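For the record, in the sequence shown the residue sitting at position 82 is 81 according to numbering that gives the first Met the number 0, with numbers rising by one throughout. Backbone N, C-alpha and C define an ideal beta-carbon position, used for all residues, glycine too. Please read these numbers as outputs of a predicted model, since none were measured by experiment. A short write-up of the structure that comes next.
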Amino acid sequence: MIPALVQSGVAQCVAVASRSHEKAAETAAPFGAEAVCGYERLIERADIDAIYVPLPTGLHAEWCTRALEAGKHLLVEKTFASNAAEAAAMLALARRQNLLVMENFQFQTHSQWSRFRSFMDSGEIGHVHLVRSTFGFPPLPRENFRWNAALGGGALLDTGAYMAKVSQLLLGPDLEVRGASAIMDAATGVDSHGEAQFRNARGQVAQVAWGFDYFYQCRAELLGTKGKVSLGRVFTAPPDFAPVLCIETPEGVRNETLPADNHYINMWRRFAGAIANGDHAAHWDAIESQARLLDAIRAAVRA
């Protein structure tokens, strides 16, 4: 995200903060930014308008709240909050301060996403009645923060968050959770993988799965009455990657190669544009809807 910020041309990387000066200096030096020891010192600076928060979810409530109180716009790595109540408290502060808060799901800014999403309404594969998506990867080292419950660990708040987001982007924000399951890791107390099914008011369904103990999966599919569309690397396309869309109809199968794109740069431009235009409310609402859906998935798992 930092190289993309520099390349975007929409903002200047002023400073990088870490808990140690050495780590801050190592990260900041290639970009000509100042190294700052301690997050609070970064937040206090008057020469900073916005802060990118890549901290684990479990630390967001403290540091996003403090940054908002200091009048900073925020681009925050998913997942924004540990639960919907925590998200609502931070968003209430953002609304009072009239500050932009954006959750960093950069995949939605990639040009491949626009093409994929176009099939929802174009009629090319008829009426889309089912969305399928999977995001998972092989087991992480146990010292990784994703296994730490205190830091907001667990597969749902990491890969599962993508599943909630993609389902809302395609089927709308008011999804009913029709069922969900999760496998808990006994040693750490966090979920290692899970599945869920959502339904919107029009009867369209999303079936999704996520996890830390997969072989690598990063795919979304649309099933329509006249065909199917699938797209790999939908969440993680590198800047030099030319995505391939697979379209299946009764007439056969064809692949459509799409142009490479840099969704990291695109995300920074969207963020800066939203600040410039005062377009805050839609992003507050999107975060709130995402947090509510994650809570509903948890409730369905417990049920």
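Item: Quick check: the Cα distance between R18 and V35, rounded to an integer number of angstroms?; Value: 9 Å
Item: My understanding is that H128 touches L4, with C-beta atoms under 8 Å, so please give their C-beta distance in whole angstroms.; Value: Actually they do not touch by this definition, with Cβ atoms about 40 Å apart.
Item: Mind checking whether Q196 and L170 have CB atoms under 8 Å apart?; Value: no
Item: Do A285 and H279 come within 8 Å of each other at the CB atom, strictly closer than that value?; Value: no
Item: Rank Q107, V228 and Q216 by C-alpha distance to the C-alpha of V252 and give the top, closest one.; Value: V228
Item: So, A16 versus G37, is the Cβ gap smaller than 8 Å?; Value: yes
Item: Look up E39 in the DSSP assignment and say whether it is helix, strand or coil.; Value: helix
Item: With a cut-off of 8 Å, does the C-beta of C245 fall near any C-beta of chain D?; Value: In summary, chain D is missing from the structure at hand, where a single protein chain is found.
Item: State the DSSP-derived secondary structure class of D294, mapped to helix, strand or coil.; Value: helix
Item: Give the DSSP-derived three-state secondary structure of S117 in the structure shown.; Value: helix
Item: So, are the CB atoms of G308 and A185 less than 8 Å apart?; Value: Any answer about residue 308 is impossible in this case: the structure gives the chain only from 0 up to 302.
Item: My output table needs one value for L266: the three-state DSSP class, helix, strand or coil.; Value: Residue 266 is actually Met in this sequence, not Leu. In the structure shown, M266 sits in a helix (DSSP, three-state: H, G or I).
Item: Quick one: Cα of E220 to Cα of R114, how far?; Value: 13 Å
Item: Using 8 Å as the threshold, is the C-beta distance between K77 and N103 below it?; Value: yes
Item: Just mark S117 as buried or exposed, buried being the case when its beta carbon has 16 or more other beta carbons within 10 Å.; Value: exposed
Item: Buried or exposed: where does N143 fall if 16 or more other Cβ atoms within 10 Å of its Cβ makes it buried?; Value: exposed
Item: Relative to the C-alpha of S132, which residue among M162, R145, T158 and E123 is closest?; Value: M162
Item: Can you tell me which of R232, F106 and A295 puts its alpha carbon nearest to the alpha carbon of P172?; Value: A295
Item: Classify H109 as buried or exposed, calling it buried when 16 or more other Cβ atoms lie within 10 Å of its own Cβ.; Value: buried
Item: Reducing DSSP to helix, strand and coil, say where Q203 ends up.; Value: coil
Item: Name the one or two DSSP bridge partners that L244 has.; Value: L230 and E255
Item: I'd like to know if the stretch 86 to 102 and the stretch 206 to 217 are in contact, where contact means that at least 3 CB-CB pairs between them fall below 8 Å.; Value: no
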